[in-house]
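Read the structure below first, then the notes.
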Amino acid sequence: MWPILRAITKAFDAILTPFASLHPWVGLTVVSVVTGVVMLLIFGKTSNQKKISETKDKLKAYVMEMWIFRNDTLVMFSAIGSVLRSNVQYLRHSLRPLVFLFIPVLVIMVQLGIRYADEPLMPGDRAVVSVKLKEGTVPSQTDLTLVAPKGVRVASPALRIDSKGEVNWEIVAEQPGHHQLVLETPCGPVHKSLDVGPERKLGKVGAVKARANSWNAFLYPAEPPVPSSSIIEWIKVTYPHRELKLLGLTVHWLLAFFVISVAAGFALKGVFGIEV
Amino acid sequence: MRQTRRHSIILGLPVLLALSAFVAALVLPGCTAEAPESGLAEEDRAALASLGYVANELRESGGRDAEKKVLVLGIDGMDWLITTRLMDEGKLPHFKALADAGGFSPLLSSIPPQSPVAWANFITGADPGGHGIFDFVHRDRDTYLPYLSTSQVENAPEKARVLGIPVRNEFAVPFTDYIFPLAGGATLNLRKGIAFWQVLEAAGVPCTVFKIPSNFPPVPSEKGTTKSMSGMGTPDILGTYGTFSFYTTDPWPGSDDLSGGYVYPVRVEDGVVHATLLGPPNDFKDYEKIEERQGAPVSYDERKVGIDFAVYVDPSNPVARLDIGDAEVVLTEGEFSEWVEVEFVMVPNLITVSGLARFYLKSAHPEFELYITPVQINPVNQVLPITDPPEYGAELVDAVGYFYTQNMPEDTKALEHGVFDNEIFVKQSTIVFDERLRCFEYELSQFDEGLLYFYFGSLDQSTHMMWRCMDVGHPAYNAEEDAEFSDFLENLYVKFDGVLGEVMRDLDENTTLIVLSDHGFAPYYRHFHLNRWLYDEGYLVLKPGVRPEHVEWLLGVDWTRTTAYGLGINALYVNVAGREGQGIVSRADAPALIDEIAEKLEAVRDPKTDQLVVVKAYKASEFYHGPYQSTAPDIVVGYGWGYRGSFKTAGGEVPAEIISDNVGKWSGDHCADYHHVPGVLFTDKPITHESPSLYDMAPTILSEFGIAKRSWMVGRSVFE
Ligand SMILES: [Zn+2]
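Protein sequence lines, in the order shown, are assigned to chains A and B.
When you line the first sequence up against my numbering, it's residues 1 to 276, in that order.
When you line the second sequence up against my numbering, it's residues 1 to 720, in that order.
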């Protein structure tokens with residue numbers, strides 16, 4: 001699984017590198033528009049365009065019928081029934097392409113997630129490193145040490161929460177860099193990347209490093225997963241969330257992504273001659 | 001001088017949102033609250049109107065020098081005597097250099113020398129008769145009950161006007177307990193008179209006024225050329241002057257009833273503590289309806305909105321994790337956390353009140369002890385107005401991060417009650433100082449025209465609390481705990497010398513630099529219980545059966561037989577007929593009675609030391625000028641060195657003795673005779689005034705910009 005994820009991440013690195021030094025909105029907008037177009041093309045290829053077109057024509061006809069016979073109760077009811085039926089048909093025709101759309105959109109979302117959800121720490125920032133242990137491993141009876149590289153300081157003793165199966169530390173970022181924290185465990189060291197400044201510009205920030213082949217490992221493909229043999233389930237760093245501002249309002253990147261890509265898809269459907 | 005109370009509204013349940021939008025569209029456009037007048041005197045209205053001529057006047061006298069800048073550093077409580085000594089010892093090289101190159105003088109404080117009064121003198125250039133602030137607390141003339149003198153938060157009014165028609169001020173959401181007031185409450189700045197920066201604004205001078213006391217809510221800028229942040233007088237999110245929360249597995253007798261803080265007993269179960277942080281009362285609930293349904297009243301505490309939180313404690317290490325809202329904070333014993341934004345949910349998904357808190361794990365084992373700061377008004381999302389314009393708060397946070405916004409942030413109450421020890425107090429007050437310094441450095445970097453006034457309060461609060469550590473003769477001195485902090489205050493003076501160094505390094509020749517304090521300090525060895533003295537002398541009479549020691553807030557006083565009473569730290573009032581609610585002394589007899597009491601007060605001797613307790617009893621009629629003179633206390637008591645009107649006096653109590661030792665941590669004070677506690681005045685040019693006073697500073701600043709002294713100002717420029 002990891003080789004595939006790594007290849008995809010590398011590809012996105014290549015695509016997004018030109019935008020790294022620009023305003024976050026630029027890269028997000030470009031990726032969203034491209035996604036919109038890709039979705040449109042996949043929809044066009046995988047849907048029955050003829051059926052969709054027919055269904056939409058029928059829908060229009062029924063609506064027209066309702067308008068013309070708006071004083072005739074009987075016709076009205078039958079038209080309403082027809083409209084509802086066509087709607088269901090329309091949805092059915094759209095369902096198949098949606099299944100095809102799901103995987104690529106998910107991959108794009110994951111890639112955007114590790115770039116837009118969080119931003120690196122800045123020197124002086126504090127963060128929490130949480131380690132979740134495998135089911136059945138008791139934190140207070142497990143020997144774990146967090147070792148920080150130069151430029152990062154471990155600022156608290158280990159906090160072992162048996163009821164949650166977690167061990168936490170507070171760290172302080174002191175110098176910029178792509179650091180590697182080392183977690184000494186009874187079954188060998190586990191590394192966790194830690195990104196510190198120098199600016200809050202765009203880049204990969206992997207908040208979580210999870211056990212191989214887990215859902216979390218799929219969601220955070222910024223660094224290799226924790227080996228399956230380890231007693232560690234995941235390691236998490238609390239990075240600050242990246243705030244995307246639009247006209248003074250904070251907009252969630254996921255919302256921006258959906259709105260822009262769907263808008264791009266609709267705006268360009270005529271250009272590509274695709275019925276949606 | 002009034003601003004509307006705001007609540008932050010976040011996007012939420014579409015139905016409720018649509019509903020409230022509908023209501024808003026329907027009624028709000030023509031909706032106003034029926035709030036009381038701000039009570040400005042005729043003279044002040046005329047003076048305000050006259051500001052329109054300032055710009056013209058300035059043009060006629062040659063126009064404004066656009067390059068001219070004035071930087072005023074206000075260091076609350078910087079004492080003339082201590083400063084002079086430390087300068088002589090070579091410990092304040094920058095202050096010394098400034099004094100040598102420019103001017104240095106004691107600066108006379110106000111009568112009485114309390115910060116809100118003193119800074120109001122500075123702000124208006126008038127004495128208390130001109131700005132109406134005479135003490136920390138004033139009394140309601142009808143009920144004799146005290147209230148804070150500088151500002152007043154008013155709840156939403158009973159009636160609102162919709163398109164001119166008075167209606168019940170609420171919209172009840174059907175099938176719920178929620179109500180929405182149509183018009184909000186208001187916060188009033190009770191200081192009267194006109195601030196010098198209002199004059200500057202009228203003359204076209206841009207101003208930044210940072211945390212000046214007696215300016216909450218900040219005076220709104222008419223032209224939008226003044227930025228201000230409110231200081232002393234600014235409440236925490238509960239509307240108090242700072243209420244901490246302390247969670248402990250080891251509560252002590254009386255810990256359930258402290259002033260300035262709540263102590264909550266908690267238990268650690270399976271390594272977890274579950275508790276609640278209490279916020280402001282929920283104004284959006286229909287308590288009448290709830291009370292009717294449950295058949296029992298809903299108390300004030302029950303109306304408060306809480307945030308539940310959990311603390312996970314390590315089995316043996318001195319560390320814990322606090323989960324509150326979305327935040328997870330690791331707390332190491334003995335260290336303050338960063339600021340954490342906490343949100344009190346008033347109406348789920350719709351209305352929240354945002355605040356800021358820091359956490360301090362005092363002990364993880366064997367006892368669990370967690371301190372939470374008073375919850376601060378978030379400058380980015382202000383539930384009460386603390387900056388003008390409102391965006392100024394966000395600008396500051398962007399530049400320097402979150403910071404304390406309340407009143408006087410050093411937690412003197414926590415130290416007083418033993419929740420803090422000296423070391424924790426020093427840690428906490430260092431945080432306050434460092435935050436303030438960051439704000440100052442930011443403002444200094446932005447300062448390229450007009451006036452910058454910047455306020456530091458650390459020295460005042462620290463001198464109040466830590467005086468005892470450098471005074472082995474103080475009744476509150478404890479060698480074991482205090483000796484190692486004996487140089488704390490001195491070091492704080494040295495820190496300010498460093499700040500001044502930064503300022504002087506970047507100073508250009510167009511800038512006039514003024515560093516001043518509102519008062520100095522004196523030791524507070526002995527309490528004088530004014531009401532006990534009045535009681536023993538027969539001026540204050542209690543109702544039959546009331547024991548003096550049980551009186552609080554003057555409740556139990558027989559007003560039909562009482563001729564004089566004390567309230568506030570320095571104030572004494574005669575119970576005047578026609579002025580007080582149940583006054584018995586005729587206006588004709590009052591002056592003679594005032595003379596009699598003043599004479600007796602000035603003769604009081606401390607049996608322990610044989611010292612005179614009162615230096616001078618100031619009669620208001622002789623010392624105050626201006627339109628608000630009539631609201632003044634009749635006598636302002638000027639205490640001798642080492643004496644002060646007790647906290648019990650301020651709270652209207654009548655304790656067992658007239659004079660007692662002060663063994664509290666609050667060990668230094670300045671509410672003595674104003675001659676004992678002069679502040680300091682440093683300028684970068686020579687001072688010609690032979691005895692400058694705080695009210696001379698407003699005309700001084702105006703004259704630096706070429707503006708003549710205004711009619712209500714009682715002093716004159718210190719340079720002329
Ligand atoms: Zn003070």
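Where a beta carbon is used, it is the ideal one built from N, C-alpha and C, also for glycine.
Answer yes or no: the CB of residue i versus the heavy atoms of ligand 1, is any distance below 7 Å?
i: glycine 401 of chain B; result: no
i: aspartate 411 of chain B; result: no
i: serine 110 of chain B; result: no
i: serine 316 of chain B; result: no
i: aspartate 301 of chain B; result: no
i: aspartate 460 of chain B; result: yes
i: serine 115 of chain B; result: yes
i: glycine 77 of chain B; result: yes
i: histidine 676 of chain B; result: no
If we count the other Cβ atoms within 10 Å of its Cβ and call it buried at 16 or more, is residue i buried or exposed?
i: lysine 50 of chain A; result: exposed
i: leucine 26 of chain B; result: Reliability of the predicted coordinates at leucine 26 of chain B is poor, the pLDDT of 38 falling under 50, and the value obtained from them is presented with this limitation in mind. Exposed.
i: leucine 11 of chain B; result: Note that leucine 11 of chain B scores 34 on pLDDT, short of 50, meaning its location in the model is unreliable; the coordinates nonetheless yield the value given after this. Exposed.
i: glutamine 3 of chain B; result: Interpretation of glutamine 3 of chain B is limited by its pLDDT of 40, a score under 50 that renders its predicted location unreliable; the figure taken from the coordinates is listed afterwards. Glutamine 3 of chain B should be labelled buried.
i: threonine 405 of chain B; result: buried
i: serine 717 of chain B; result: buried
i: glutamine 198 of chain B; result: buried
i: arginine 139 of chain B; result: buried
i: glutamate 34 of chain B; result: At glutamate 34 of chain B the pLDDT is 37, less than 50, meaning the model places this residue with poor confidence and gives no usable figure here.
i: alanine 195 of chain B; result: buried
i: threonine 250 of chain A; result: exposed
i: leucine 100 of chain B; result: Position check: residue 100 of chain B holds aspartate in this sequence, whereas leucine was assumed. So aspartate 100 of chain B ends up on the exposed side.
i: arginine 710 of chain B; result: buried
i: alanine 21 of chain B; result: Low per-residue confidence applies at alanine 21 of chain B: pLDDT is 42, beneath 50, and the placement is therefore not dependable, though the value from the model is reported in the following sentence. When all chains shown are included, alanine 21 of chain B counts as exposed.
i: glutamate 367 of chain B; result: exposed
i: arginine 468 of chain B; result: buried
i: valine 576 of chain B; result: buried
i: threonine 688 of chain B; result: exposed
i: serine 646 of chain B; result: buried
i: glycine 30 of chain B; result: Caution applies to glycine 30 of chain B, whose pLDDT of 36 falls short of 50 and renders its modelled position unreliable; the model cannot decide the point.
i: asparagine 422 of chain B; result: buried
i: lysine 223 of chain B; result: exposed
i: glycine 265 of chain A; result: buried
Mind reading off the beta-carbon distance from residue i to residue j? Whole number of angstroms is fine, and I expect it under 8 Å.
i: glutamate 233 of chain A; j: lysine 132 of chain A; result: 4 Å
i: valine 745 of chain B; j: tyrosine 643 of chain B; result: This structure gives no information on residue 745 of chain B, because the portion of chain B shown stretches from 1 to 720.
i: proline 265 of chain B; j: threonine 243 of chain B; result: Contact doesn't hold; Cβ gap of about 17 Å is too wide.
i: phenylalanine 210 of chain B; j: tyrosine 371 of chain B; result: Not really, about 28 Å apart at Cβ, beyond 8 Å.
i: tyrosine 624 of chain B; j: alanine 632 of chain B; result: 5 Å
i: valine 152 of chain A; j: isoleucine 171 of chain A; result: 6 Å
Going by Cα to Cα distance, which pick from the options is closest to residue i?
i: phenylalanine 136 of chain B; options: B:Thr700, B:Thr649, B:Tyr262, B:Arg710; result: B:Thr649
i: glycine 418 of chain B; options: B:Leu507, B:Tyr539, B:Leu258; result: B:Leu258
i: valine 276 of chain A; options: A:Phe102, A:Leu28, A:Ile42, A:Ala256; result: A:Ile42
i: valine 38 of chain A; options: A:Leu254, A:Gly203, A:Met76, A:Ile108; result: A:Ile108
i: tyrosine 402 of chain B; options: B:Ala571, B:Glu391, B:Pro379; result: B:Pro379
i: threonine 511 of chain B; options: B:Tyr524, B:Leu489, B:Phe447, B:Gly260; result: B:Phe447
i: isoleucine 290 of chain B; options: B:Glu269, B:Gly498, B:Phe175; result: B:Phe175
i: threonine 46 of chain A; options: A:Gly270, A:Leu101, A:Ile8, A:Thr55; result: A:Leu101
i: histidine 241 of chain A; options: A:Val271, A:Pro120, A:Ala79; result: A:Pro120
i: glutamate 343 of chain B; options: B:Thr332, B:Gly325, B:Val329, B:Gly393; result: B:Gly325
Hey, is the stretch 659-670 of chain B in contact with the stretch 68-76 of chain B, meaning 3+ C-beta pairs nearer than 8 Å?
By the Cβ rule, the stretch 659-670 of chain B does not count as touching the stretch 68-76 of chain B, because fewer than three pairs are nearer than 8 Å.
Kindly confirm or deny that the stretch 423-431 of chain B and the stretch 39-58 of chain B touch, where touching means at least three C-beta pairs closer than 8 Å.
Taking a cut-off of 8 Å on C-beta distances, the stretch 423-431 of chain B does not touch the stretch 39-58 of chain B, as fewer than three cross pairs fall below it.
Are the stretch 354-364 of chain B and the stretch 448-457 of chain B in contact at 8 Å, needing three or more beta carbon pairs?
In short, these stretches do not touch, since the Cβ pair count stays below three.
Using 8 Å as the threshold, is the stretch 115-133 of chain A in touch with the stretch 87-97 of chain A, meaning 3 or more CB pairs across them?
no
The stretch 203-213 of chain A / the stretch 221-233 of chain A touching (three or more Cβ pairs under 8 Å):
yes
Say whether the stretch 524-536 of chain B touches the stretch 651-662 of chain B, bearing in mind that this needs 3 or more beta-carbon pairs closer than 8 Å, one atom from each stretch.
yes
Inter-stretch contact at 8 Å, needing at least 3 Cβ pairs: the stretch 380-391 of chain B / the stretch 216-225 of chain B:
yes
Using 8 Å as the threshold, is the stretch 487-505 of chain B in touch with the stretch 45-59 of chain B, meaning 3 or more CB pairs across them?
no
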